[in-house]
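S.K.: Please read through the structure below; I'll follow up with questions.
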Amino acid sequence: MRTKIWVAAICLLLVFYLVVLVQRSILLIGDSNWIAKTLGFALILLPPVGAWAMVRELLFGSRMEKLAGILAAEGGLPVDDLPRTPGGRRVREVADAEFVKYQQEAERSPDDWRSWFRLSCAYDAAGDRKRARSSMRDAIAMFRSHAG
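Those letters in the sequence shown? Residues -13 to 134, by this note's numbering.
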């Protein structure tokens, strides 16, 4: 619950920033100086991009949370019992070794969203956030295609 409060606070701050950016853009567009007008037209493009990115991330997070809930209810969530460094990070070598298990599972069941969800967790544990997000997007797409 605490995380959701922080997400809501960050989103409210972003919305406030985007509204102020639109207001400033309109003021610049109304200026008689052509440089200010150009800057205003350029700045007015940023709020829709920011709003799109925020909505996309919120949807990603809520869909990921839904899948995690389903896996937890089934008892299929990977257990996070990897050893950690004194700083709290997972020991990379152990995470890499554990990763192979989930990679093989995903290769054996390429159409199962559960295996891709667990592979995403393994990528994250191994420190590869880009592939973790990509695998999670694949898991979400598979879940949605089988559910719909």
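C-beta: ideal position from N, C-alpha, C; glycine also.
Note that the structure is a prediction, hence the values are computed from the model and not measured.
Residue range of the alpha helix (DSSP H) that residue 55 falls in?
M.R.: Where residue 55 is concerned, the enclosing alpha helix (DSSP H) stretches over 32 to 60.
S.K.: Quick one, are the C-beta atoms of residue 7 and residue 29 less than 8 Å apart?
M.R.: Contact flag set, yes.
S.K.: Around the Cβ of residue 37, are there at least 16 other Cβ atoms within 10 angstroms (buried) or fewer (exposed)?
M.R.: Counting Cβ neighbours within 10 Å, residue 37 comes out exposed, since fewer than 16 surround it.
S.K.: Any idea which residues DSSP pairs residue 70 with across the strands?
M.R.: Beta-bridge pairing links residue 70 to 76.
S.K.: Within 10 angstroms of the Cβ of residue 110, are there 16 or more other Cβ atoms? Answer buried if so, exposed if not.
M.R.: Classification of residue 110: buried, given that the 10 Å Cβ count is 16 or more.
S.K.: By how many angstroms is the C-alpha of residue 18 removed from the C-alpha of residue -6?
M.R.: One C-alpha to the other measures close to 39 Å.
S.K.: Any chance the segment 74 to 89 sits against the segment 111 to 125, with 3 or more Cβ pairs inside 8 Å?
M.R.: Yes, they touch.
S.K.: Would you mind sorting residue 100 into buried or exposed? The rule is 16 or more other CB atoms within 10 Å of its CB.
M.R.: Buried: at least 16 other Cβ atoms inside 10 Å.
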